[in-house]
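The structure appears below as structure tokens.
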Amino acid sequence: AVACLGRLAAVRVNSWERSVVTAANKTKNPARDAANATAANAAVRRASTLVGLIAAGSSPERPEDVRRASATALAASALLSRLPPAPGGQSRTKDPETNEVKFHDDPSAGPALGEPVLRAWIVAFELLEDEDEDVRAVVASAVTSRRVWGKLGKSGVSRDASTEECLRVAFAAVATRLARWPPYERYLLLTCRGPPVDADRLRQSIEDVGVVRRLFDREADNHHAESLLLAQLAARAIARTDAVRVSVLEAELAKALDGVEAATAALAGVSGESSPGESPPGESPRTPIRWEGGATNHEVAFGPFCRAALGAWALATALTASGCHESHTPGSEKKGKVSDRARSLDETLRTVGLAPMANRAWVNARRALIGPKDWRVLEDETPGSKDLEKAGGAYARVGPCFLLE
Numbered sequence: 052a053v054a055c056l057g058r059l060a061a062v063r064v065n066s067w068e069r070s071v072v073t074a075a076n077k078t079k080n081p082a083r084d085a086a087n088a089t090a091a092n093a094a095v096r097r098a099s100t101l102v103g104l105i106a107a108g109s110s111p112e113r114p115e116d117v118r119r120a121s122a123t124a125l126a127a128s129a130l131l132s133r134l135p136p137a138p139g140g141q142s143r144t145k146d147p148e149t150n151e152v153k154f155h156d157d158p159s160a161g162p163a164l165g166e167p168v169l170r171a172w173i174v175a176f177e178l179l180e181d182e183d184e185d186v187r188a189v190v191a192s193a194v195t196s197r198r199v200w201g202k203l204g205k206s207g208v209s210r211d212a213s214t215e216e217c218l219r220v221a222f223a224a225v226a227t228r229l230a231r232w233p234p235y236e237r238y239l240l241l242t243c244r245g246p247p248v249d250a251d252r253l254r255q256s257i258e259d260v261g262v263v264r265r266l267f268d269r270e271a272d273n274h275h276a277e278s279l280l281l282a283q284l285a286a287r288a289i290a291r292t293d294a295v296r297v298s299v300l301e302a303e304l305a306k307a308l309d310g311v312e313a314a315t316a317a318l319a320g321v322s323g324e325s326s327p328g329e330s331p332p333g334e335s336p337r338t339p340i341r342w343e344g345g346a347t348n349h350e351v352a353f354g355p356f357c358r359a360a361l362g363a364w365a366l367a368t369a370l371t372a373s374g375c376h377e378s379h380t381p382g383s384e385k386k387g388k389v390s391d392r393a394r395s396l397d398e399t400l401r402t403v404g405l406a407p408m409a410n411r412a413w414v415n416a417r418r419a420l421i422g423p424k425d426w427r428v429l430e431d432e433t434p435g436s437k438d439l440e441k442a443g444g445a446y447a448r449v450g451p452c453f454l455l456e
């Protein structure tokens with residue numbers, strides 16, 4: 052039944068799109084416009100319902116045959132082929148005399164069917180990380196098909212690529228088609244830096260790391276998926292493509308730094324050396340870390356900290372490319388400039404004792420936020436301080452998107 056949904060959608064997707072396009076072309080008849088708008092809303096709801104059913108069937112906890120059926124439905128639905136030919140945040144007009152097509156920034160533009168198309172691609176990205184090889188193969192075939200991309204070219208994906216390569220190239224290709232479209236911007240930002248970091252909750256999770264696992268703790272439903280892969284793909288799309296508007300980058304950088312500060316506060320609340328209750332005067336009591344190599348050697352602390360730092364790196368890198376390297380980000384005037392906040396974070400993190408990979412995540416973010424020149428000046432101002440880059444050793448060349456290198 053799930054697999055049949057895709058074929059049903061393929062039959063109706065053209066009429067759904069026509070309804071939306073018709074509604075966008077206003078007439079002088081209010082009653083007709085209202086009827087067209089009602090039909091368009093109904094079309095989008097049907098597309099959204101279909102994608103919701105496919106997404107529900109593709110969850111990792113679903114049986115393998117259900118996930119495969121969902122992948123088949125997605126491939127047959129034709130929704131993946133409904134990307135706009137130009138970036139989602141641009142509208143297109145044609146000169147009636149020269150027939151020249153011109154592009155204009157327009158955040159309200161995007162796929163005709165809107166967010167259901169984005170949701171379909173999100174499901175495709177997740178299924179390309181499915182534990183079952185057959186499920187991945189179905190989706191890989193769909194995202195490399197001529198039905199999606201037309202004649203294969205720079206925006207297409209080679210059909211003989213591995214499923215992981217399909218994921219990487221398809222993610223980048225979609226980023227060029229949906230660039231600067233607000234719903235896609237929100238997806239990129241959330242995928243890159245993850246949910247907001249709650250310092251108290253993260254600290255409690257770190258403190259629980261040393262507690263013996265219960266016998267019946269639930270294991271991951273999908274052992275194949277790499278939790279940081281999509282985050283790094285999103286970060287690279289933000290940093291290397293014009294995928295997010297500058298005004299959004301400036302506002303989101305403040306939030307990214309908030310996340311790093313919250314994660315840092317949680318890490319500063321625990322210690323690998325002090326005993327319970329021992330802490331410097333004026334500071335809250337620290338809890339000893341019960342994990343070899345420190346808290347950031349464990350996924351509970353490494354994941355939130357790494358993604359927060361990754362988001363800061365991506366946003367700062369994109370802002371630098373846009374010519375807005377250093378500024379007061381909106382709403383952050385009371386906290387100071389970006390570089391001042393980064394230096395304050397760096398001073399705190401030097402006392403925390405980051406594990407090598409977490410250290411590299413911060414070093415990469417710090418370079419994007421402060422710049423290597425400012426960092427060298429800072430070293431001269433504090434003689435005898437430990438050089439975090441040299442301490443990286445074999446990790447010194449690890450980049451922010453190390454899974455893609």
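Positions 52 to 456 (this note's numbering) are the ones given, in order, by the sequence shown.
For each residue, glycine too, the CB sits at the ideal point set by N, CA and C.
- Task: With a 10 Å radius around its C-beta and 16 neighbouring C-beta atoms as the bar for buried, classify GLY382 as buried or exposed.
- Result: In this predicted model, GLY382 has a pLDDT of only 45, less than 50, meaning its place in the structure is not dependable; the value taken from the coordinates is given anyway. Exposed, because fewer than 16 other Cβ atoms sit within 10 Å of the Cβ of GLY382.
- Are the beta-carbon atoms belonging to GLY139 and VAL95 less than 7 Å from one another? Their beta carbons are not under 7 Å apart, which means GLY139 does not touch VAL95 by this criterion.
- Item | Buried versus exposed, by CB contacts within 10 Å (16 or more), GLN283 | GLN283 should be labelled buried.
- Would you kindly check if the distance between the Cβ of ASN415 and the Cβ of PRO451 is under 7 Å? Going by C-beta atoms, PRO451 is nearer than 7 Å to ASN415.
- Can you give the beta carbon distance from VAL190 to ALA122, rounded, assuming they're within the 8 Å contact cut? Going by Cβ atoms, the distance from VAL190 to ALA122 rounds to 5 Å, so yes, they are a contact pair.
- Item | Cβ distance (whole Å) where LEU179 is taken to contact ARG170 below 8 Å | Contact between LEU179 and ARG170 fails: their C-beta atoms lie close to 15 Å from each other, not under 8 Å.
- By the 10 Å Cβ neighbour count, where 16 or more other Cβ atoms means buried, how is GLY103 classified, buried or exposed? By the neighbour-count rule (16 or more Cβ atoms within 10 Å), GLY103 is not buried but exposed.
- Compare the beta carbon distance of LEU253 and ALA317 with 7 Å and say whether it is the shorter of the two. A distance below 7 Å separates the beta carbons of LEU253 and ALA317.
- Whole angstroms is fine: what's the gap from GLY320's alpha carbon to LEU366's? Here the alpha carbons of LEU366 and GLY320 stand approximately 27 Å from one another.
- Task: Excluding the 5 residues preceding and the 5 following LEU239 in the sequence, name in chain order all residues of the same chain whose CB lies nearer than 8 Å to its CB.
- Result: So the list reads ALA226, ALA285, ALA288, ILE289, ALA294, VAL295, once near-sequence residues are dropped.
- Query: How would you label CYS55, buried or exposed, when you count the other beta carbons within 10 angstroms and need 16 or more for buried?
  - Reply: In the assembly as shown, CYS55 is an exposed residue. Its beta-carbon has fewer than 16 other beta-carbons within 10 Å.
- Three-state class that DSSP yields for SER110 in the structure shown: In the three-state DSSP reduction, SER110 falls in the coil class, being neither helix nor strand.
- Query: Excluding five sequence neighbours on each side, which residues of the same chain lie with their C-beta closer than 8 Å to the C-beta of ARG69?
  - Reply: Taken in chain order, the list of residues that qualify is empty.
- Query: Around the Cβ of SER109, are there at least 16 other Cβ atoms within 10 angstroms (buried) or fewer (exposed)?
  - Reply: Buried: at least 16 other Cβ atoms inside 10 Å.
- Would you say THR347 and THR399 are within 7 Å of each other, going by their C-beta atoms? No, Cβ-Cβ distance for THR347 and THR399 is not below 7 Å.
- Query: From LYS386 to GLN255, what does the alpha carbon distance come to, in whole angstroms?
  - Reply: Low confidence applies here, because LYS386 scores a pLDDT of 45, under 50, leaving its location unreliable and the question unanswered by this model.
- Item | N-terminal and C-terminal residue of the alpha helix (DSSP H) that PRO233 is part of | That run of the alpha helix (DSSP H) goes 233 to 244.
- Task: Compute the Euclidean distance between the alpha carbons of ASN150 and THR144, then round it to the nearest angstrom.
- Result: The straight-line gap from Cα to Cα measures roughly 9 Å.
- Quick one: using the 10 Å Cβ neighbour count with 16 as the cut-off for buried, is ASP181 buried or exposed? With at least 16 other beta carbons inside 10 angstroms of its own, ASP181 counts as buried.
- How big is the Cα-Cα spacing for ASP84 and VAL53? In a straight line, the C-alpha of ASP84 is about 35 Å away from that of VAL53.
- Task: Kindly give me the distance between the Cβ atoms of ILE421 and SER373, rounded to whole angstroms, as I take these residues to be in contact under 8 Å.
- Result: Contact between ILE421 and SER373 is absent: CB atoms are separated by about 18 Å, not below the 8 Å threshold.
- Item | Range of the contiguous alpha helix (DSSP H) that encloses ALA478 | Examination of residue 478 is not possible in this model, given that the chain is present from 52 through 456 alone.
- Task: Name the one or two DSSP bridge partners that LYS153 has.
- Result: Answer is THR144, bridged to LYS153.
- When DSSP labels each residue in this structure, what does VAL199 get in the three-state scheme? The answer is helix: DSSP assigns VAL199 an H, G or I state.
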